[in-house]
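Going down the list, the sequences are from chains A and B.
Start counting the first sequence at 0; every next residue gets the next number (numbering that gives the first Met the number 0).
Start counting the second sequence at 0; every next residue gets the next number (numbering that gives the first Met the number 0).
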Amino acid sequence: MDEDRRPLSFWLLGAFFLLFVVFLYGPTLTILVLSFQGPEGGLTFPLRGVSTHWYELLWRGSGVIDIWASFRRSLWLGLVVMVLTTVISLLAGYAFRRRFPGQGLLFNLTIASLIVPSIVVSLGIALEFRLLDDGVKAFAEEHGVEWLNEGYTTAMGLFTSGLGAHLTWTLPFGLLIMFAVFNRFPNDLEEAARDLGASPWQVFRHVVLPLVAPSLVGVALFGFTLSWDEIARTSQAIGDANTLPLELQGLTSTVTTPEIYALGTVVTGVSVLVIALAFLGVSVAKRRAAKRVLG
Amino acid sequence: MSSSPPDRRPVAPLLQAAPLALVLLLFFVFPLLATAVVSLWNYTEYSLVPDVTQRNYVEMFEGCSNMGEGLCTTFRTYLSTLRLCAMVWAFTTLFGFAISYFLAFHVRSDTMRMVLFLVCTAPFLTSNVIRMISWLPLLGREGVVNQFLVGTGLVDQPQDWLLFSDFSVVLAFVHLYTLFVTVPVFNSMMRIDRRLLEAAQDAGASGWQTLWHVVIPLTKPGLVIGSIFVIVLVMGDFVTIGVMGGQQIASIGKVIQVQMSYLQFPAAAAQAVVLLGLVLLVIAVMTRLIDIRREL
């Protein structure tokens, strides 16, 4: 029994941990509650009745905020970023299992892409596209390319500069996750498959892929949620069509009704939903892998 | 061994790594080069003028050599940003260390440890702006904290320093970024051989001595990685400082953003180059302390 007695530090750190969790989640729960504020209610307590008034305003787009255009943009961008992050990270992670020229440089570049301040990356992409636009326009003028002269404004956009900006942020996370996965990956399984005469593609498809599938769900989760919430790298590199977080940032200083809490709750809800789906996906993938081994 | 000698097809890994390399080249390397080049350009109200001029750097540090009349704007901005950095770093490191220590050494079941770890890290996957907005109903003049303080008679009237101040900025940073310390420090702590702690105890070390001479040195890599994250995130920030500071507090990121909005691209580029240089210097100094690749 005596051995089981917890030291004082356990209770102190445990209490601190509990307080930290409250600190972490308290504010979010506060706006969840306040988003159900009655129609007369304000930005803070007390609640004046309970209603879904602000959600209705938000849904109809008739309040101060019309966010559905940017909502859809962010959703699509997030999905594309998710797919690309998963595929590119998997391929690159697999490549790093063997030696290839430029390996060290590529690794350092990826880490640098994570660490260089987002505003610098964003500014750089904006400048790059600006130079590209100037180049295209000069070319069109010089060679008298009619359709370019008339129609071209900028190459910047959601799925060009915006997509690139997001990938510089999600790919490092994706690659680091794949590193962690492949570092713990049993080499002998691949060797066994090769000894049995499997081609490199067959080894990848039937041995490697099923084993790393649960982790790929994790990479996909990071890809989507990081893109869904990204601001700093997007800010200068998006052109005219704002993403949802950028729109939200603008709204923080202009909206003075609980509608912004309703919007905040919906956005967080999407993240929570995606996290839940990912957990479901991981457990399904794991069960399948287990069945494969046992069956 | 004969079926596929690894060196016979060095093409495959190159092709597999190519998409990553291409994305980084197009959206990371070229943009940084463009920034470096444009920082040397001239500009007018309407257009960029290709050039090799020191104008942007000179203007950035205008009046900085003349210390007699107080600090120049650039130095003041850097100092204020570094001050925020130091405060945020101190709190996130302390909190992150305490939380990781609790998870790694006090929680006994692996499942419980994993669950609690996810509880601490899951908010990372939700929106930063929303998490900032969430503080408004708590810290405002009419907010929950002020209601409590006035209600209990601790203060006579609502406090204004709670929101749109250094306090709220640091609070939000700690709220957002503690997990950047927690994750690498927890990772380092989980690699510590538990027998070392027992050995220290058996040799008569007190709890504090074990902490100071065994745990902290072995956690150093995690602490360094976490510190790099926090320092770099705060130094380049303009969103958190903007929203939580009520757009009143100066920061380097904010200066760059404002110059961009006035289309002073070369000036913004020069700012970015200097910021990047400083960040790289910080990282170079800190990574001297550890080998990052061994941490993966």
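Heads up, the beta-carbon is just placed ideally off N, CA and C, and yes, glycines get one too.
Do you know whose CA, among B:D192, B:M188, B:V213 and B:W211, lies nearest Y100 of chain B's CA? B:M188
Those residues which DSSP pairs with L47 of chain B across a bridge: Beta-bridge partners of L47 of chain B (DSSP): B:Y42.
Run through DSSP, which three-state label would Q158 of chain B get? If DSSP states are grouped into helix, strand and coil, Q158 of chain B belongs with coil.
Of the listed residues B:F166, B:Q146 and B:L161, nearest to D155 of chain B (C-alpha basis): B:Q146
Count the other CB atoms, across all protein chains shown, that sit within 10 Å of the CB of Q339 of chain B; report buried if there are 16 or more and exposed otherwise. Since the first and last residues shown for chain B are 0 and 295, residue 339 of chain B lies out of range.
Counting contacts by CB-CB distance shorter than 7 Å, is D239 of chain A in contact with chain B? Closer than 7 Å to the CB of D239 of chain A there is not a single CB belonging to chain B.
Alpha carbon to alpha carbon, how far is N55 of chain B from S88 of chain A? Give it in angstroms, no decimals. 39 Å
How many Å lie between V344 of chain A and I251 of chain B at the Cα? The structure shown has nothing for residue 344 of chain A, since chain A only spans 0 to 294.
Taking any Cβ of chain A, which residues in the region 271-289 of chain B have a Cβ under 7 Å from it, in chain order? A271, L274, L275, V278 and I282
In whole angstroms, what separates the C-alpha of S133 of chain B from that of N182 of chain A? 39 Å
Between T72 of chain B and A35 of chain B, what straight-line distance do the alpha-carbon atoms span, to the nearest angstrom? 22 Å
Hey, I124 of chain A and S160 of chain A are a contact pair by Cβ (cut 8 Å); roughly how many whole angstroms apart? 5 Å
Out of curiosity, what's the CA-to-CA distance linking L83 of chain B and V144 of chain B? 23 Å
Cβ-based burial, D201 of chain B [other Cβ within 10 Å; buried from 16]: Classification for D201 of chain B: exposed.
Closer than 7 Å to chain B by CB, D187 of chain A: no
Determine the extent of the alpha helix (DSSP H) in which Q15 of chain B is found, giving its start and end residues. Per DSSP, Q15 of chain B belongs to the alpha helix (DSSP H) from V10 to L23.
Nearest-angstrom Cα separation, counted from E229 of chain A out to V114 of chain B: 26 Å
Helix, strand or coil at Q36 of chain A [DSSP, three-state]: strand
Between which two residues does the alpha helix (DSSP H) holding S226 of chain B run? I215 to M234
For chain A, is any of its Cβ atoms less than 7 Å away from the one on W134 of chain B? yes
Cβ separation of V79 of chain A and L162 of chain A, assumed to be a contact under 8 Å, to the nearest whole Å: 6 Å
DSSP has V49 of chain A in a bridge; who is on the other side? A:Q36
Can you check whether the CB of P257 of chain A is closer than 7 Å to the CB of L33 of chain A? yes
Taking the alpha carbon of A267 of chain B as the reference point, which residue from B:G276, B:L275 and B:V254 has its own alpha carbon closest? B:V254
Does any residue of chain B have a CB that is nearer than 7 Å to the CB of D228 of chain A? yes
With a threshold of 7 Å on Cβ separation, who are the neighbours of G222 of chain A within its own chain once the five nearest residues in sequence on each side are excluded? V80, M81, T84, T85, T169 and G173
What's the C-alpha gap between Q248 of chain A and V242 of chain B? Taking the straight line from one Cα to the other gives about 8 Å.
Among A:R193, A:L104, A:V49 and A:W67, nearest to L13 of chain B - alpha-carbon criterion: Proximity to L13 of chain B across A:R193, A:L104, A:V49 and A:W67 peaks at A:L104, based on C-alpha coordinates.
Comparing C-alpha positions only, which one of B:F27, B:R190 and B:E61 sits nearest to S121 of chain A? B:F27
Any C-beta of chain B under 7 Å from that of F70 of chain A: No, its Cβ sits nowhere closer than 7 Å to a Cβ of chain B.
Inter-residue spacing [alpha-carbon to alpha-carbon] between A231 of chain A and L21 of chain B: 22 Å
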